[in-house]
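Q: Pasting in a structure now, in structure tokens, and then I'll have a few things to ask.
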Amino acid sequence: MSSQTGKWREESILIICPGSQSTMAQLGCADLTPPARRFPTRMFKDEDSDDWRPYYTTKRRKTTLASAPAAPAAPAVNGGAKKDEDDQWEYFEDPDSDEGAVYPIQAGRIANMDAFLAFLDHVHSILTNTYHNTPIMLMASPQWTRPDCETVTRYIFEKTKTPALCLIHSGVATQYGLKWPNMTVVDIGFEKVDVTCIYDSCIVSHVDVGSYPDPEAMREISGGEIFTRKLLKLLEGKGFNREMAEQLKKSSVCEVLPYVVDSPRLMNLPSEDAPVPTKAAAEASMIVEPIDELDLDGEAKEAEADGVLDIANIVTSGNAREFLAKKEKEKTERARLAKKGKDKEIADAAARALRLPNSKRVRNMFCYEDLITEDVLVQPSAPASTSESTTAATGTSEVQKTEPGADQQQPSASEAQPTSDDAPKPEAPAAAEPAVVPAAPETAVIAERQIKRVRRDIEVGLERFLFADRSEIDRIAEAIYRAVQGIREMYMRPPCWENLVFVGNGARVRGLKENILQTLQARHLISPSSATMFTSELPSNMGTPTGTGSQTPTSSFAGGPPHQLPTSSSVNPLLQAATTAGLAVPTGGGVAGADGGPSHHFHSQTPTAIKLAQLPTYLSEWNKHGFEEAMFLGAQVAARLAFCLHNLDAQGTEAQRLMSLSRVDYNEFGPKGIQRHSMLG
Amino acid sequence: MSQQPLTTSVQPTETYGGDEVSALVLDPGYCSTRAGYAGEEMPRQVIPSFYGHIDGRDIFGDEVIVPRAGFEVRNYMNRDSVVEDWDAATKIWEHLLLKRLQPERPTPPNKNGLNIGDDGDVAMGDGDNNDENMVDNLEKPLAESPLLMTEAPWNSAKAREKAIEISMETWGCPAFWLSRTPVVASFAAGKATALVVDVGGANASVTAVHDGMVLKRSIQKSPIAGLWLSNQIRTMWEQNEPKVDLVPTFMVENKKPVEAGAPADARLRTFPFPIADSFRAFEEERLLTEFKESVVEVWRGPGRYMAPGNEDYARSQPGRVFEMPDGSNQMWREQRYKVSEGMWDETAAYASAGADEEGRVSKGQTILSLIKASLEGVDIDLRSNLIANIVVTGSTTLLNGFNDRLNMELAAMYPGLKIKVHAAGLTSERRFGAWIGGSILSSLGTFHQMWISKKEYDENGPGIVEKRCK
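Below, the structure is given as structure tokens:
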């Protein structure tokens with residue numbers, strides 16, 4: 001049966017890419033689209049049994065049977081009836097709540113296998129119809145251990161009717177998405193960063209940061225979360241909470257400034273010492289800040305903002321007294337301006353301010369959208385739980401729908417909407433006012449859950465640049481350096497340096513990729529040496545003359561010459577010969593064993609070039625979506641190859657057979673078969 | 001053990017079929033410690049044997065060794081590649097075997113709650129779901145994985161007993177085996193009888209292996225290996241005109257290109273805390289490794305490097321440029337041969353200015369003397385077979401030209417004998433030769449009867465390792 005080809009249709013393949021925060025999933029890989037569904041990767045422990053529930057569930061006193069008609073939506077989606085038969089109590093599922101959530105994947109590792117398996121079951125049951133013959137493509141993080149993979153395999157084959165399973169390493173998946181045979185995949189996730197070097201489609205080196213945090217002391221995480229925490233720390237004094245920091249990080253005003261080699265802080269912060277227009281603009285933008293009704297402590301905040309700014313500027317300029325004096329002057333000036341209240345002048349200044357790019361402005365606004373869920377209690381005994389929905393990173397921005405009645409929540413609505421962090425949020429007309437859509441009252445006495453959407457503009461100062469902690473960026477840059485330099489075979493290093501790819505939603509932080517690249521280039525790039533340019537010597541990337549009597553210099557490096565050589569005709573003939581020389585002559589030398597592998601004499605220092613890999617342009621949907629989730633694209637491509645390709649030759653059929661574990665092979669080899677029949681690298 | 005020579009074409013995966021055990025293989029060395037699953041081609045985890053010590057805690061792995069206040073770098077091995085600090089050894093091995101190669105174990109408080117919901121028959125290789133088993137088994141993290149460890153051939157009986165004690169009692173391994181590195185390295189090359197020339201980080205050793213057994217009298221070792229070579233490079237840089245400053249990568253924030261031989265134009269990083277010498281030394285070693293990879297070369301002949309005319313010839317040859325992390329760069333010509341020549345010719349070694357004992361090479365320490373002494377320690381009948389099966393392993397043998405030189409010298413030393421040097425072509429196969437051999441060995445179906453089982457250990461105590469693992 002395994003030799004049978006083309007058994008499955010593209011529409012019937014289930015693709016699951018679990019992440020530590022959200023899981024991308026989709027049934028079908030026909031169109032190579034961005035993920036259709038997203039699930040928060042979390043489960044909830046059932047209080048009464050040891051089962052896992054996909055949503056936070058609370059018990060509430062049921063007072064009338066009238067609410068029953070509203071219920072069908074939830075069970076239909078969840079595949080399990082959550083209604084208690086008891087007349088007194090009923091269960092409510094709140095898909096947005098994360099109270100008591102267990103996150104089965106932490107920094108790539110499967111921290112709680114039971115919960116993870118239950119989660120897979122949940123995803124599988126939502127997306128598939130049991131009558132379908134659905135092969136599964138499941139993405140595995142590099143941190144999954146061999147027993148982990150086997151456990152997952154066993155569970156999937158025993159719990160589902162899947163005819164075949166393919167586990168794909170996330171780095172390999174990215175590679176399938178971006179098609180380059182050699183690349184370095186930098187996956188900046190929620191709490192970890194994975195650097196995987198792939199040469200000729202094989203994983204040749206891997207370094208992870210933050211994946212194995214020390215449980216005793218500081219949890220040394222990395223990835224996107226570290227930046228949120230940093231922002232929060234900087235802005236805590238201004239009344240920011242975690243959710244605000246998260247939204248600020250995702251907004252367009254928050255960015256990592258370019259790496260500046262000479263600057264004392266390694267970045268050029270905009271300062272108030274900038275030329276006059278900037279200054280005026282900055283002032284104006286401060287003045288025109290609308291203090292919305294909800295922001296009761298707006299004034300206080302602004303005062304505090306000044307304080308924070310002072311520190312930042314004093315550090316930059318190193319001249320405290322002068323700065324303070326200037327600041328004082330500015331303040332009085334601003335007060336005067338404000339008093340005069342010349343609208344036109346202010347408007348002009350504001351217009352100028354808007355023209356300045358974010359990175360040149362000392363302060364900028366971002367629009368914070370808050371969701372307030374509250375139970376409007378109509379009956380005193382109902383447990384009123386007013387909680388700000390601080391759901392997962394992907395959770396909040398999606399839920400823009402006000403849902404009347406908690407028991408009618410539509411989990412699919414929030415899960416289905418793809419998050420696009422980059423997309424600017426639509427400007428709400430009533431930004432300052434809470435948009436309250438009153439729920440349709442089902443019965444007079446039941447407690448209603450209402451979600452209010454509150455938008456407000458918040459001004460932030462330099463914190464929105466300062467959050468990019470040098471030491472954190474250095475950790476990532478160093479991981480990349482060590483991963484590539486740690487490739488055992490030296491000739492594999494240059495192609496890996498020249499095809500860097502940043503994926504993972506942590507890489508969406510504006511300017512982060514560029515900054516890392518600039519850091520690497522400023523710190524590690526090996527420059528063309530004057531010793532090889534102007535003397536009659538060969539650059540070090542040239543092959544060593546072998547001891548076989550032939551003194552012809554050979555170069556094994558077929559790519560561009562790392563040491564840029566002058567191309568004029570007056571160039572040293574040795575150089576000319578060397579740069580145009582063919583491949584290396586293998587050393588015979590009576591050394592057995594070396595004859596099997598390719599003989600490379602690449603001993604050049606690396607990196608001589610550090611570049612980002614070209615991203616494909618022919619997938620318009622992904623161009624819009626961004627390639628941060630390229631691993632999902634790659635999983636789809638790989639799924640097609642593994643499950644859908646037919647009419648292959650014998651070799652191709654065998655290769656395809658090794659790409660996934662079919663049920664026949666599972667019955668023969670057991671879960672261990674997944675080690676060979678998969679794409680774990 | 002296997003009496004017949006193994007060939008690399010024998011895929012371990014073919015032989016174990018149904019009764020495969022999920023064994024782990026651990027190969028500790030002075031510079032790095034390798035760990036992975038038996039039957040795989042490469043170790044999954046390779047971390048430095050150096051570990052960080054900060055605020056009374058030990059932290060492991062390459063990524064944690066970064067500049068920090070009050071941070072020290074230590075090593076759990078001594079320069080003889082024998083475990084020195086058993087507490088740290090246990091912790092670093094646990095970090096590898098339990099934390100990185102085994103699934104996460106739930107923390108004790110919620111252990112009960114989480115495990116009841118387990119599907120019972122779901123997990124096989126992990127120690128999570130031993131609910132039905134006894135409580136003490138729950139505590140033991142490796143209750144389902146046999147463990148094969150490697151050791152230096154000169155390891156002490158006490159250290160061997162300690163190793164089995166930890167794996168049996170602390171980790172609860174069901175089976176254990178301790179193998180000497182030359183034996184497994186020769187297996188990795190597909191041979192049961194070989195003369196193993198292992199030039200690694202801290203030690204160079206030559207050992208005769210016959211039918212999978214180490215011939216004790218043939219064991220020869222010397223410190224002429226990677227670290228010694230690093231010191232040679234240091235000395236060479238000090239004696240260079242102008243003196244080459246060793247600025248490790250972590251000190252450099254960014255650099256600008258400069259002319260060859262010109263002083264560096266780099267912006268250095270400043271740390272608000274003192275950097276421990278041990279940390280700096282560790283980081284310097286990374287740089288020296290890069291220099292070894294891309295510049296250092298072994299003189300291939302004719303004759304020795306010090307023979308008249310050779311040095312001049314080397315000087316006329318194209319050199320290699322090396323750029324330091326701070327951007328300063330220089331062309332290295334004849335020095336790059338000279339720096340490694342001490343491995344072959346004790347008179348060529350750089351003498352350290354500071355009368356450093358480590359830099360000295362005595363006549364008996366060169367690679368050739370080791371081979372000679374080793375062969376003299378074995379029965380004369382075996383010599384010709386050994387010399388026709390020389391296995392070269394260890395990362396320092398990856399120096400460009402090492403094998404050519406070895407071939408040449410051996411041919412000069414043993415004229416008329418058939419000499420065959422076997423050196424794996426892939427870099428990683430030579431770096432992890434011992435681990436790969438261990439992986440092959442422990443996944444062989446025929447090896448299953450060899451393991452020391454928990455029962456045997458319980459009956460005989462740790463002394464069993466001396467009796468069984470000879």
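Chains as they are written, first to last, in the UniProt record's numbering: chain E, 1 to 681; chain H, 1 to 470. From the three backbone atoms N, C-alpha and C, an ideal C-beta is built for every residue, glycine too. Quick caveat, the model's predicted, so the values are computed rather than measured.
Residues of the region 134-148 of chain E in Cβ contact with chain H at a cutoff of 9 Å, in chain order, please.
A: Taking 9 Å as the Cβ-Cβ cut-off against chain H, the residues of the region 134-148 of chain E that qualify are Q143, W144, T145, R146, P147 and D148.
Q: Kindly list, in the order they appear in chain E, the residues whose Cβ is closer than 8 Å to that of E290 (chain H).
A: Result: Q485 and Q605.
Q: Between E:S359, E:E243 and E:P264, which lies nearest to S252 (chain E) when the distance is taken from Cα to Cα?
A: S252 (chain E) has its Cα closest to that of E:S359, out of E:S359, E:E243 and E:P264.
Q: In whole angstroms, what is the alpha-carbon distance linking G463 (chain H) and G172 (chain H)?
A: Distance between the alpha carbons of G463 (chain H) and G172 (chain H): 17 Å.
Q: Buried or exposed, going by whether 16 or more other CB atoms sit within 10 Å of the CB of E293 (chain E)?
A: The predicted model places E293 (chain E) with a pLDDT of 38, which falls under 50 and marks its position as unreliable; any figure quoted below should be read in that light. So E293 (chain E) ends up on the exposed side.
Q: Using the Cα positions of V339 (chain H) and L368 (chain H), report the straight-line distance between them to the nearest angstrom.
A: V339 (chain H) and L368 (chain H): Cα-Cα distance of roughly 17 Å.
Q: Beta strand (DSSP E) containing S205 (chain H): first to last residue?
A: A204 to H210 is the extent of the beta strand (DSSP E) around S205 (chain H).
Q: Name the residues in the region 111-125 of chain E whose C-beta lies less than 9 Å from a C-beta of chain H; which are they?
A: So the list reads A111, N112, M113, D114, A115, L117 and A118, given in the order they occur along the chain.
Q: Check whether the Cβ of S271 (chain E) lies closer than 8 Å to any Cβ atom in chain B.
A: Any reference to chain B falls outside this structure, whose protein chains are E and H.
Q: If the criterion is Cβ atoms closer than 8 Å, does the pair I219 (chain H) and A204 (chain H) meet it?
A: Their beta carbons are not under 8 Å apart, which means I219 (chain H) does not touch A204 (chain H) by this criterion.
Q: With a cut-off of 8 Å, does the C-beta of S170 (chain E) fall near any C-beta of chain H?
A: No, because no Cβ of chain H sits closer than 8 Å to the Cβ of S170 (chain E).
Q: I want to check one thing, is the minimum distance from the CB of N403 (chain H) to the heavy atoms of the ligand GTP below 7 Å?
A: Here there are no bound small molecules, and the ligand GTP is not part of this structure.
Q: List the residues of chain H whose Cβ lies closer than 7 Å to the Cβ of M490 (chain E), in chain order.
A: Under the 7 Å cutoff, chain H gives E293.
Q: Whose C-beta lies closer than 6 Å to the C-beta of E334 (chain H) among residues of the same chain, with five residues either side of it excluded?
A: Counting only Cβ-Cβ distances below 6 Å, and skipping sequence neighbours, we find E311, A314 and R315.
Q: Once DSSP output is grouped into helix, strand and coil, what is the label at K301 (chain E)?
A: At K301 (chain E) the pLDDT is 40, less than 50, meaning the model places this residue with poor confidence and gives no usable figure here.
Q: In the DSSP output, which residue or residues are listed as bridge partners for A194 (chain H)?
A: Per DSSP, H:V209.
Q: What three-state label does DSSP hand E72 (chain H) in the structure shown?
A: The answer is strand: DSSP assigns E72 (chain H) an E or B state.
Q: Using the Cβ count rule (16 or more neighbours within 10 Å means buried), how would you classify T270 (chain H)?
A: Counting Cβ neighbours within 10 Å, T270 (chain H) comes out exposed, since fewer than 16 surround it.
Q: Would you please verify whether the beta carbon of G52 (chain H) is less than 8 Å from any beta carbon of chain E?
A: Cβ-Cβ to chain E under 8 Å: no for G52 (chain H).
Q: Write down the C-beta distance between residue 491 (chain H) and L178 (chain H) rounded to the nearest angstrom, noting that I regard them as a contact closer than 8 Å.
A: Nothing can be reported for residue 491 (chain H), as the shown portion of chain H is limited to 1 through 470.
Q: What residue does the beta strand (DSSP E) around N329 (chain H) start on, and which one ends it?
A: N329 (chain H) -> beta strand (DSSP E) spans N329 to W332.
Q: Looking at V214 (chain H) and N194 (chain H), is the spacing between their C-beta atoms short of 8 Å?
A: Sequence check: residue 194 (chain H) is Ala here, not Asn. Going by C-beta atoms, A194 (chain H) is not nearer than 8 Å to V214 (chain H).
Q: Along chain E, which residues have their Cβ under 7 Å away from the Cβ of P257 (chain H)?
A: What P257 (chain H) touches in chain E: S527.
Q: Helix or strand or just coil, what does DSSP make of H169 (chain E)?
A: Three-state DSSP puts H169 (chain E) in a strand.
Q: Pull up the DSSP beta-bridge partners for V392 (chain H), would you.
A: In DSSP, V392 (chain H) forms a bridge with H:V197 and H:A423.
Q: Taking V184 (chain H) as part of the alpha helix (DSSP H), name the residues at either end of that continuous run.
A: Start and end: T181 to A188.
Q: In angstroms with no decimal places, state the Cα-to-Cα distance between M324 (chain H) and V247 (chain H).
A: Approximately 7 Å between the Cα atoms of the pair.
Q: Taking C-alpha atoms, which residue in E:K7, E:T184, E:F632 and E:R355 lies nearest to N499 (chain E)?
A: Checked all of E:K7, E:T184, E:F632 and E:R355; the closest Cα to N499 (chain E) is E:T184.
Q: Answer yes if the region 247-262 of chain H comes into contact with the region 293-301 of chain H, meaning at least three C-beta pairs across the two stretches below 8 Å, and no otherwise.
A: Touching, no.
Q: Is there a Cβ from chain E that is less than 8 Å from the Cβ of K338 (chain H)?
A: No - not a single Cβ of chain E is within 8 Å of the one on K338 (chain H).
Q: Taking only runs that begin and end inside the region 216-257 of chain E, name each unbroken alpha helix (DSSP H) of 4 or more residues, in chain order.
A: As far as the region 216-257 of chain E is concerned, its whole alpha helix (DSSP H) runs of at least 4 residues are 224-235 and 242-250.
Q: Just verifying my parser: in three-state terms, what is the DSSP assignment at M149 (chain H)?
A: In this structure, M149 (chain H) counts as strand in the three-state DSSP scheme.
Q: From R360 (chain H) to I387 (chain H), what does the alpha carbon distance come to, in whole angstroms?
A: Looking at the two C-alpha atoms, the distance is approximately 28 Å.
Q: In the DSSP assignment, what residue or residues form a beta bridge with E459 (chain E)?
A: DSSP, once it has assigned bridges, lists E:M365 as partnering E459 (chain E).
Q: Given this structure, state the Cα-to-Cα distance separating D277 (chain H) from M251 (chain H), to the nearest angstrom.
A: Rounded to whole angstroms, D277 (chain H) to M251 (chain H) spans 13 Å at the Cα level.
Q: Under 7 Å between beta-carbons, which chain H residues line up against A479 (chain E)? List them in chain order, please.
A: What A479 (chain E) touches in chain H: E63.
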